[in-house]
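Scroll down for the structure; my scribbles are underneath it.
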Amino acid sequence: MKDASQVNQLFFILNIFMILVIGTLLAILPYITRKVLLFGIRVPEMAHTLLEVGRMKRFYTIMMALVTLAALGAAVAGNAYGTVANLMICLYAPLVMMLAQFIVYLRCWRHSAALKARENWIIPSVGTAETRSARSRERFGGLPWIWYWGSFGLILLTLLLSLTFYPSMPDTIITHWNGAMEADAWAPKSLGHILAIPIISLVMLLIMLASNLAVYRMKLQVSQENPALSFAQHRVYRRLMSHMLGFITLCMTLMFLLMQPMIMNIWVPDTAVLMALILIPTVLMILPAIYVSVKAGQSGTKLRPAITEADVAAAGYPPPDGLPLRKTYSDDRYWKLGLFYYNPDDPSLLVEDRFGNNGGLNYARPAGIVLIVLLILFTAATYIGSTLLFIRAF
201 MKDASQVNQL
211 FFILNIFMIL
221 VIGTLLAILP
231 YITRKVLLFG
241 IRVPEMAHTL
251 LEVGRMKRFY
261 TIMMALVTLA
271 ALGAAVAGNA
281 YGTVANLMIC
291 LYAPLVMMLA
301 QFIVYLRCWR
311 HSAALKAREN
321 WIIPSVGTAE
331 TRSARSRERF
341 GGLPWIWYWG
351 SFGLILLTLL
361 LSLTFYPSMP
371 DTIITHWNGA
381 MEADAWAPKS
391 LGHILAIPII
401 SLVMLLIMLA
411 SNLAVYRMKL
421 QVSQENPALS
431 FAQHRVYRRL
441 MSHMLGFITL
451 CMTLMFLLMQ
461 PMIMNIWVPD
471 TAVLMALILI
481 PTVLMILPAI
491 YVSVKAGQSG
501 TKLRPAITEA
511 DVAAAGYPPP
521 DGLPLRKTYS
531 DDRYWKLGLF
541 YYNPDDPSLL
551 VEDRFGNNGG
561 LNYARPAGIV
571 LIVLLILFTA
581 ATYIGSTLLF
591 IRAF
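My numbering applies: residue 201 is where the sequence shown begins, and numbers increase by one.
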């Protein structure tokens with residue numbers, strides 16, 4: 201059972217790597233979030249020079265470091281119980297870490313709100329309408345389509361090759377291998393079985409492309425202190441994020457498609473090769489996300505790009521062509537717990553998060569409610585189905 205032991209160690213290594221990456225990203229969130237936001241509360245940039253704010257950030261980071269250490273301890277303990285325990289930890293460790301992070305965040309959010317009230321910080325909530333910046337984002341002109349066309353080309357090539365080899369395949373094929381890479385299930389060949397991987401890859405490509413398009417259409421949070429710089433940062437950040445998401449899409453596509461010869465019983469890798477096929481693309485997908493988060497900060501706030509005329513026009517004070525000022529909907533009252541945006545007066549569906557490096561939804565929009573319900577149902581189904589599968593395996 202040497203091969204089975206190697207597979208178990210693979211999942212253990214993946215667990216350790218996953219916990220360290222998630223823990224690190226959660227711990228540094230206060231330091232990569234834009235300076236006008238403090239745990240979901242809009243504050244002046246000078247607030248981050250206060251000792252009290254520094255202590256609050258350190259408290260959050262220390263607590264997340266302790267959560268990460270606890271998760272690592274659970275991974276080490278679970279490894280002694282074999283592959284199934286490692287899979288359960290892989291499934292539930294991120295969920296528990298996110299829940300712990302939410303609890304720590306809530307304390308810091310309340311502290312931040314109390315600090316703002318005590319200091320009587322009044323933050324302007326008026327900005328100008330976007331002009332050329334908005335139109336360029338609607339055209340998706342800067343989107344790196346080559347990543348997606350390349351991934352689609354690989355999927356199409358795999359699909360054509362699979363259909364070409366299908367007639368010469370035996371009528372009965374292996375459909376499952378155990379941890380030692382020994383065949384333990386067979387079934388009659390079928391087009392559905394052969395085409396499953398290309399179809400799943402295509403669905404994942406479309407999901408990743410939709411995520412990239414959402415980055416371009418996301419409602420921007422513009423710095424009141426230097427709006428032109430803010431637009432320039434968004435411009436460069438969108439380019440970095442787009443290339444990162446495109447690269448991840450290509451890695452994900454390759455990881456899926458490299459399993460196709462195994463599905464077709466043309467080639468069955470040994471355990472070491474299988475580990476490499478899983479581990480290498482996984483690492484390659486995670487490293488760019490860490491790089492962009494650390495280098496760029498939230499929506500590029502750590503970047504210092506050159507400011508173009510388009511950036512100045514987009515941020516223009518006074519508004520170009522006599523356009524009137526408009527509210528930016530940045531008031532704290534629209535953000536429940538500093539995390540959930542709810543504003544019936546704002547037509548935007550996608551908005552930039554106030555804590556972290558992601559995007560969120562306007563929960564006052566019907567489409568936002570539909571999307572979050574679908575996400576919850578999908579997540580619950582995934583966890584319930586996976587848990588039942590692991591329980592049967594015991």
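Note that beta-carbon positions come from the ideal geometry of N, C-alpha and C, so glycine has one too.
Would you tell me roughly how many angstroms separate the C-alpha atoms of residue i and residue j, rounded to the nearest one?
i, j, result
"V483", "W321", "43 Å"
"A277", "I584", "23 Å"
"A476", "G556", "31 Å"
"I507", "H434", "11 Å"
"F211", "D532", "43 Å"
"H311", "L269", "25 Å"
"P370", "I355", "23 Å"
"W535", "I241", "9 Å"
"Y292", "I490", "22 Å"
"V436", "G500", "7 Å"
"N562", "R554", "12 Å"
"M459", "A383", "15 Å"
"L238", "L406", "34 Å"
In three-state terms, what does DSSP make of residue i?
i, result
"E552", "strand"
"L537", "coil"
"A275", "helix"
"W377", "strand"
"T372", "strand"
"A383", "strand"
"L237", "strand"
"P388", "strand"
"R242", "strand"
"N426", "coil"
"L440", "helix"
"R332", "Since pLDDT at R332 reaches only 41, below the 50 mark, its modelled position is unreliable, and the value read off the structure follows with that caveat. Here R332 sits in helix by DSSP."
"G500", "helix"
Evaluate residue i with the Cβ neighbour count: other Cβ atoms within 10 Å of its Cβ, from every protein chain shown; 16 or more gives buried, anything less gives exposed.
i, result
"G254", "exposed"
"V570", "exposed"
"E252", "exposed"
"P367", "exposed"
"E552", "buried"
"G273", "exposed"
"P544", "exposed"
"T471", "buried"
"A271", "buried"
Just to check my reading of the structure: residue i and residue j have Cβ atoms closer than 8 Å, yes? What is that Cβ distance to the nearest angstrom?
i, j, result
"S442", "P344", "5 Å"
"M444", "P488", "5 Å"
"I216", "A275", "6 Å"
"I486", "V221", "6 Å"
"D546", "F431", "Not quite, the Cβ-Cβ distance comes to about 19 Å (not below 8 Å), so this is no contact."
For residue i and chain B, any beta-carbon pair shorter than 8 Å?
i, result
"I228", "The structure shown contains no chain B, having only a single protein chain."
* To do: May I have a chain-ordered list of the alpha helix (DSSP H) segments no shorter than 4 residues that lie completely inside the segment 265-319?
  => Qualifying alpha helix (DSSP H) stretches, in chain order: 283-319.
Please list the segments of the alpha helix (DSSP H) lying wholly inside the segment 459-491, counting only runs of 4 or more residues, in order along the chain.
Runs of the alpha helix (DSSP H) inside the segment 459-491: 460-463.
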